[in-house]
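Everything on this sheet refers to the single structure shown next.
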Amino acid sequence: MSDNKRTAAEIEADLEEKRSAMTADIDELTRRLNPKTQIDNAKQSLERAAGGFIAQARTVAGDVTKQARTFAEDASAQARSFAGGVNVKARGVANDASKGDPEAIGILAGLATAAVGSVVLLATRRRHRRR
122 MSDNKRTAAE
132 IEADLEEKRS
142 AMTADIDELT
152 RRLNPKTQID
162 NAKQSLERAA
172 GGFIAQARTV
182 AGDVTKQART
192 FAEDASAQAR
202 SFAGGVNVKA
212 RGVANDASKG
222 DPEAIGILAG
232 LATAAVGSVV
242 LLATRRRHRR
252 R
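In case it helps, my numbering puts the sequence shown at residues 122 to 252.
Put into structure tokens, the structure is as follows:
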């Protein structure tokens with residue numbers, strides 16, 4: 122239909138439709154450009170970013186915790202193994218000393234001397250602290 126053959130009512134209806142569409146567009150632009158809306162959008166963006174950072178931090182903390190536990194378990198196993206080896210050697214030296222082995226007797230005498238020296242040193246330190 123050409124514009125010349127339209128009735129006044131049709132033209133008015135068309136204008137009203139276009140006015141309504143423009144009003145809706147202007148209302149949407151006004152809402153989007155409103156400082157409060159922009160602040161709310163910025164807050165939501167920051168909250169999403171913070172949530173992402175928190176999730177990453179939790180993941181890293183979990184990984185570090187797992188690594189620390191593994192390290193502690195390994196260190197504990199190595200310490201038990203070392204202590205077991207020392208215990209076996211100490212029993213061997215004690216057994217050799219009981220059989221009269223002069224080297225083993227010398228080792229035990231040295232350990233006894235060190236133990237007595239430690240006790241004397243601790244007693245001396247305590248006496249000096251009290252003064």
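Where is the CB? At the ideal position from N, CA and C, for every residue including glycine. Predicted model only: the values in this text are computed from it and were never measured.
query, result
"Spatial neighbours of Ala142 in its chain, beta-carbon cut-off 6 Å, leaving aside the 5 residues before and after", "none"
"Secondary structure of Gly227, DSSP reduced to three states", "helix"
"Lys210 to Ile175 span [Cα, whole Å]", "52 Å"
"Integer Cβ distance of Val237 from Ile228, believed to fall under 8 Å", "Incorrect: roughly 15 Å between the Cβ atoms, too far for contact."
"Simplified DSSP assignment, three categories, for Gly221", "coil"
"For Thr158 and Glu149, the rounded distance between their alpha carbons", "11 Å"
"CB contact flag (Ala225, Asp217, <8 Å)", "yes"
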